[in-house]
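**Student:** Just so we're aligned, residue 6 is where the sequence shown starts under our numbering, counting upward by one.
Sharing a structure below in structure tokens format, with a few things to ask.
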Amino acid sequence: MEVDMIQARLNLEVVLGLLADVANTDPTFRERSRTWAETVAFKALGGPEGWIRFSPEGATHGTGKPDLATIRLILFSAIHLNRMFRNEGLPPIPVKGIGRLSFMKKEFTELGARLQTLTRPGVTFRSREEEQLSTKLMLSAAVRAVPVLAESDSVCAKLAAATPEGTLEIKSLDNGFAGWIRKADGKFTSGFGAPEQVTARMHFRDLDAARIVLTGKETGFAAIGLGMMRVEGVIPLVDNVSLIMDRLERYLA
């Protein structure tokens, strides 16, 4: 049950975020998605809820219940929600926006298929730009996942408790990606862009180097020795966050 609930949270807090990233940055969807005017809310009974919004200003997402949903979907359980994200099992129950479900069947499904293509292991990319977008999505998933795992996964909770407070900056030095993970008052948060204060740094030489590490072609230690990666500052913060990130594959392989 713990695994199902954690996976449900990751689907709503990480996967919906990645769908928004694809909508905002992938050339296939960047302009097209700005013509959509939909806010889709997901609720697992006895579990989490979240939403994704498409508008001319771009795609956004969040947890909880949105103010103005055009489509509301109820799932019977966390398991039901997880199966929906895998395109398996019974469809969700629409409680609002029944007449707009064609959006879910067409545009939303196509967006999800695009995300799967960009994040599928061993995929052959059509261009360097596509590969770099894939790497950014991998980094984005890791940054978004840490607060969820630190709070809900029993192994990660122990790591989180032993992690010193501070802010870890994660960045590719070719300006391809910038994000951060912060522990303050015992709680983890994360975000994108440059943090105001930095306690530790995990810097990749470029997105190519980041991909080599993220896909396991080189270990972090080897990458440091090869000059592809640099860590500095409060090293226990770097080490424990890295171990928490490694747990993501258990839930979203």
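Yeah, the Cβ is synthetic: ideal placement off N, Cα and C, and Gly gets one too.
For the alpha helix (DSSP H) containing Arg77, name the first residue and the last one.
**Tutor:** Here residue 77 refers to the residue found at position 72 of the sequence shown. Looking at the DSSP string, Arg77 is not in any alpha helix (DSSP H); the run it does join, the beta strand (DSSP E), is Ile76 to Leu80.
**Student:** In its own chain, which residues sit with a C-beta less than 7 Å from the C-beta of Lys188, not counting the 5 before and 5 after it?
**Tutor:** Taking the first residue of the sequence shown as 1, we reach residue 188 at position 183. Same-chain partners within the cutoff: Thr168, Glu170 and Gly171.
**Student:** Can you give me the C-alpha to C-alpha distance between Leu144 and Thr224, rounded to a whole angstrom?
**Tutor:** As a first step, residue 144 must be located in the sequence shown, where it is residue number 139. As a first step, residue 224 must be located in the sequence shown, where it is residue number 219. Distance between the alpha carbons of Leu144 and Thr224: 16 Å.
**Student:** Alpha helix (DSSP H) containing Leu248: first to last residue?
**Tutor:** Stepping through the sequence shown from its first residue, residue 248 is reached at position 243. Ile240 to Asp251 is the span of the alpha helix (DSSP H), which, as asked, contains Leu248.
**Student:** Applying the 10 Å Cβ sphere with the 16-neighbour rule, what's the burial state of Arg131?
**Tutor:** Counting from 1 along the sequence shown, the entry for residue 131 is found at position 126. Label assigned to Arg131: exposed.
**Student:** Would you kindly work out how many angstroms separate the C-alpha atoms of Gly51 and Ala74, rounded to a whole number?
**Tutor:** Position 46 of the sequence shown, counted from the first residue, corresponds to residue 51. Position 69 of the sequence shown, counted from the first residue, corresponds to residue 74. Their backbone Cα atoms lie some 20 Å apart in a straight line.
**Student:** Out of Ala228, Arg210, Val8 and Leu257, which one is the CA nearest neighbour of Ile84?
**Tutor:** Position 79 of the sequence shown, counted from the first residue, corresponds to residue 84. Nearest C-alpha to Ile84: Val8.
**Student:** Does DSSP put Glu223 in a helix, a strand or coil?
**Tutor:** Reading the sequence shown from its first residue, position 218 is the one you call residue 223. Glu223 falls in the coil class under three-state DSSP.
**Student:** If you reduce the DSSP assignment to three classes, tell me which class Phe90 lands in.
**Tutor:** Within the sequence shown, the letter at position 85 stands for residue 90. It is helical.
**Student:** Could you check the C-alpha separation between Val246 and Ile103 for me, to the nearest Å?
**Tutor:** Against the sequence shown, residue 246 aligns to sequence position 241. Against the sequence shown, residue 103 aligns to sequence position 98. About 42 Å.
**Student:** At what residues does the alpha helix (DSSP H) containing Thr114 begin and finish?
**Tutor:** The residue labelled residue 114 in the question sits at position 109 within the sequence shown. It spans Thr114 to Thr124 - the alpha helix (DSSP H) in which Thr114 sits, taken as one unbroken run.
**Student:** Measuring alpha carbon to alpha carbon, tell me which of Asn180, Gly117 and Val128 ends up nearest Leu24.
**Tutor:** Here residue 24 corresponds to residue number 19 of the sequence shown, with the count starting at 1. Closest option to Leu24, Cα to Cα, is Gly117.
**Student:** Whose C-beta lies closer than 8 Å to the C-beta of Asp72 among residues of the same chain, with five residues either side of it excluded?
**Tutor:** As a first step, residue 72 must be located in the sequence shown, where it is residue number 67. Nothing meets the Cβ criterion.
**Student:** How big is the Cα-Cα spacing for Lys222 and Arg210?
**Tutor:** Counting from 1 along the sequence shown, the entry for residue 222 is found at position 217. Counting from 1 along the sequence shown, the entry for residue 210 is found at position 205. If you take the alpha carbons of Lys222 and Arg210, they lie about 15 Å apart.
**Student:** Taking the C-alpha atoms as reference points, what is the distance between Ile229 and Arg235?
**Tutor:** Here residue 229 refers to the residue found at position 224 when the sequence shown is read from its first residue. Here residue 235 refers to the residue found at position 230 when the sequence shown is read from its first residue. Looking at the two C-alpha atoms, the distance is approximately 6 Å.
**Student:** My guess is that Lys70 and Ala49 are in contact by the Cβ rule of under 8 Å, so how many angstroms apart are they, rounded?
**Tutor:** Translated into the one-based positions of the sequence shown, residue 70 becomes position 65. Translated into the one-based positions of the sequence shown, residue 49 becomes position 44. Rounded, the Cβ-Cβ distance is 13 Å, inconsistent with contact.
**Student:** Please classify Val218: is it buried, with 16 or more other beta-carbons within 10 angstroms of its beta-carbon, or exposed?
**Tutor:** The residue labelled residue 218 in the question sits at position 213 within the sequence shown. Result: buried.
**Student:** State the DSSP-derived secondary structure class of Arg169, mapped to helix, strand or coil.
**Tutor:** Along the sequence shown, one-based indexing puts residue 169 at 164. Reading the sequence as shown, one finds Pro at residue 169 and not Arg. Note: Pro169 maps to coil in three-state DSSP.
**Student:** Along the chain, where does the beta strand (DSSP E) that runs through Ala199 open and close?
**Tutor:** Residue 199 sits at position 194 when you count from the first residue of the sequence shown. Careful: Ala199 lies outside any beta strand (DSSP E) and carries neither H nor E.
**Student:** Return yes when at least one heavy atom of the ligand ADP lies under 7 Å from the C-beta of Gly22, else no.
**Tutor:** Of ligands this structure carries none, so the ligand ADP is not represented either.
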